[in-house]
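Chains as they are written, first to last, in the numbering used here: chain A, 26 to 211; chain B, 26 to 211. Encoded as structure tokens, the structure appears first; notes follow it.
2 protein chains.
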Amino acid sequence: MLYIARQFDPLSNEKEMIESSIEESIVLSIFDLSNQLKKIGDDVYQKVGLTTQQWLILLHLANNPNLPFFKREEHSKDLMASELADSLNVSRANITNLINVLLDKGLIRQYEDKDDRRKKRLKLTKKGITLVNNTQPSRLGVINYLTEGFNDAEKKTFLRFLETCMNKLINEDDKIKSFHKLLVDI
Amino acid sequence: MLYIARQFDPLSNEKEMIESSIEESIVLSIFDLSNQLKKIGDDVYQKVGLTTQQWLILLHLANNPNLPFFKREEHSKDLMASELADSLNVSRANITNLINVLLDKGLIRQYEDKDDRRKKRLKLTKKGITLVNNTQPSRLGVINYLTEGFNDAEKKTFLRFLETCMNKLINEDDKIKSFHKLLVDI
DNA sequence: AAAAATAGTTAATATTATTAACTATTTAAG
DNA sequence: CTTAAATAGTTAATAATATTAACTATTTTT
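Okay, structure coming up:
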């Protein structure tokens with residue numbers, strides 16, 4: 026059980042407990058939209074025998090400049106597993122599994138870093154490059170269809186919004202966690 | 026293997042294969058942000074012994090008006106499992122499991138619909154209502170922090186963008202699927 | 001009255017992910 | 001310069017999250 030300084034009376038009218046809020050609507054919509062997009066992605070990528078996560082790895086190795094990861098930091102060398110784990114926000118062990126699938130399918134290859142023998146760097150094979158290129162029109166078709174009807178200024182506002190939120194989440198982690206402390210166990 | 030009318034030469038320069046595009050940046054950022062938010066949510070909700078999915082069910086049963094589901098359609102009666110499955114975009118079997126956990130914890134209760142005996146409707150218990158109310162300040166704290174620094178017009182543009190995308194995904198499913206047909210097996 | 005659709009459940013299983021323990025290597029500290 | 005700490009990757013065991021298929025019960029449609 027929990028206790029916090031209370032904003033609402035829990036015994037009040039059970040129906041309209043929660044207020045309309047544009048901010049909460051935004052956050053819940055982002056969740057919902059991402060979910061839907063993932064489902065659509067899964068449908069497409071399973072036609073080529075991949076999951077959305079595996080697909081995202083290919084996009085990283087294709088140096089897709091639209092990935093938030095590449096906007097956050099420059100990468101001159103080929104990526105390694107731990108960087109993918111960072112970007113996808115999952116464990117390294119999980120990345121190992123995903124990579125093994127892609128290696129088996131001959132879509133990527135792995136080579137040892139000469140300067141640091143702990144590291145293994147990843148690269149698309151020709152087959153992997155072809156796959157990325159061949160699926161690109163379908164991907165961009167959906168994306169452009171979704172975003173059409175908005176002008177450039179609106180799209181920029183939108184992207185700035187997303188990136189500002191991300192920065193807050195990543196750089197001001199402490200601040201976010203301080204909100205959680207509003208939850209105190211009894 | 027796949028074949029499509031080719032946009033890029035797969036043998037060309039391996040580095041800058043993919044162009045910068047604000048539209049693709051938006052979609053990839055939405056993914057990323059949703060991911061981060063989910064991780065944060067998982068951290069908070071696991072303190073109260075719930076997963077993000079279970080939490081979302083509670084938000085539905087609290088009739089949170091900010092949920093996209095309630096913006097899409099009015100609901101006068103209490104929700105049933107299949108409606109939750111619709112909203113969360115998962116199978117009914119999955120919802121059964123999630124609901125059983127919440128029933129065990131005494132956060133929700135289930136009653137049979139008098140008019141249609143196939144249906145079981147769901148309701149928060151007092152304990153469930155208290156939990157929702159007690160966690161609300163923490164949730165809203167994070168949400169308001171994330172969205173501060175943008176004015177109301179920008180927030181509205183942003184929300185309209187998200188909702189327009191969702192509508193396209195839901196109502197114009199055929200159109201989306203037609204893009205996938207750009208992928209043709211050899 | 002029969003057939004189809006809807007709601008929910010169960011069982012078996014797939015997937016996706018995690019943690020913990022381990023090796024190998026590099027970097028930092030005393 | 002040698003020990004301790006940090007980093008990269010892997011493996012094994014397991015948790016969580018989800019799915020499909022088959023089933024019952026009920027309602028709706030034809």
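Where is the CB? At the ideal position from N, CA and C, for every residue including glycine.
In this structure L53 of chain A touches N91 of chain B by the C-beta definition: roughly 5 Å separates them, less than 8 Å. Contacts with chain A at 8 Å (Cβ-Cβ) include T182 of chain B. Taking a cut-off of 8 Å on C-beta distances, the stretch 54-65 of chain B touches the stretch 176-191 of chain A, as three or more cross pairs fall below it.
Identification of chain B residues near G166 of chain A by a Cβ-Cβ cut-off of 7 Å yields F204, L207, ordered along the chain. Across the set A:N89, A:D111, A:K181, the C-alpha of A:D111 shows the shortest separation from the C-alpha of K64 of chain B. When the Cα atoms are used, D103 of chain A and N88 of chain B turn out to be separated by approximately 48 Å. A Cβ-Cβ separation of about 6 Å places L81 of chain A in contact with L113 of chain A under the 8 Å criterion. Within a 10 Å sphere around the beta-carbon of R164 of chain B sit 16 or more other beta-carbons, which makes this residue buried. For K130 of chain A, no beta strand (DSSP E) encloses it, and the DSSP letter there is neither H nor E. The C-beta of N176 of chain A comes no closer than 8 Å to any C-beta of chain B.
The three-state reading of DSSP puts K96 of chain B in helix, counting H, G and I together. Non-local beta-carbon contacts of G174 of chain B in its own chain, meaning distances under 7 Å to residues more than five positions away in sequence, are absent.
Pairing K130 of chain B with D138 of chain B gives a Cβ-Cβ distance that is not under 8 Å. Close partners of Q71 of chain A in chain B (Cβ separation under 9 Å) are lacking, with about 11 Å as the shortest Cβ gap. Listed along chain B are N60, Q61, K64, each with a C-beta nearer than 7 Å to that of N114 of chain A. Within the stretch 97-110 of chain B, no residue has its Cβ closer than 9 Å to any Cβ of chain A. Separation of the CB atoms of F95 of chain B and V167 of chain A is rounded to 26 Å, and the pair is thereby denied contact status at 8 Å. Counted as a single uninterrupted DSSP element, the stretch harbouring K148 of chain A is not any alpha helix (DSSP H) but the beta strand (DSSP E) occupying residues 145-149. Taking a C-beta cut-off of 7 Å against chain A, none of the residues of the stretch 115-137 of chain B qualify.
Within the stretch 185-197 of chain A, contact with chain B at the beta-carbon level (separation under 9 Å) is assigned to R185, F186, L187, E188, T189, C190, M191, K193, L194, I195, E197. The shortest C-alpha to C-alpha distance from T160 of chain B to any of B:I43, B:T172, B:T77 is the one to B:T77. Note that the C-beta distance between L62 of chain A and H85 of chain A is not below 8 Å. E108 of chain B carries a helical assignment under DSSP once its states are collapsed to helix, strand and coil. At a cut-off of 8 Å between beta carbons, L83 of chain A makes no contact with chain B. Per the C-alpha coordinates, the member of B:P93, B:L194, B:R146, B:N60 positioned closest to S101 of chain B is B:R146. The DSSP assignment places 145-149 as complete runs of the beta strand (DSSP E) inside the stretch 144-195 of chain B, in order along the chain (cut-off: 3 residues). Cβ contact annotation for Q79 of chain B (same chain, cutoff 7 Å, sequence separation greater than five): L123, V126, L127, in chain order. Ranked by how close their Cα comes to the Cα of G153 of chain B, the residues B:G74, B:N60, B:S45, B:E44 have B:G74 in first place. Beta bridge pairing from DSSP links Q135 of chain B with B:L147. The C-beta distance from R97 of chain A to A106 of chain A rounds to 18 Å, too long to fall under 8 Å, and the pair is not in contact.
Per DSSP, reduced to three states, the secondary structure at E197 of chain A is coil, with no helix or strand assignment. The beta carbon of K200 of chain B sits closer than 8 Å to some beta carbon of chain A. Judged by their CB atoms, K180 of chain B and E48 of chain A are nearer to each other than the 8 Å cut-off. Looking at the backbone, the Cα of Q71 of chain B and that of Q135 of chain A are separated by about 37 Å.
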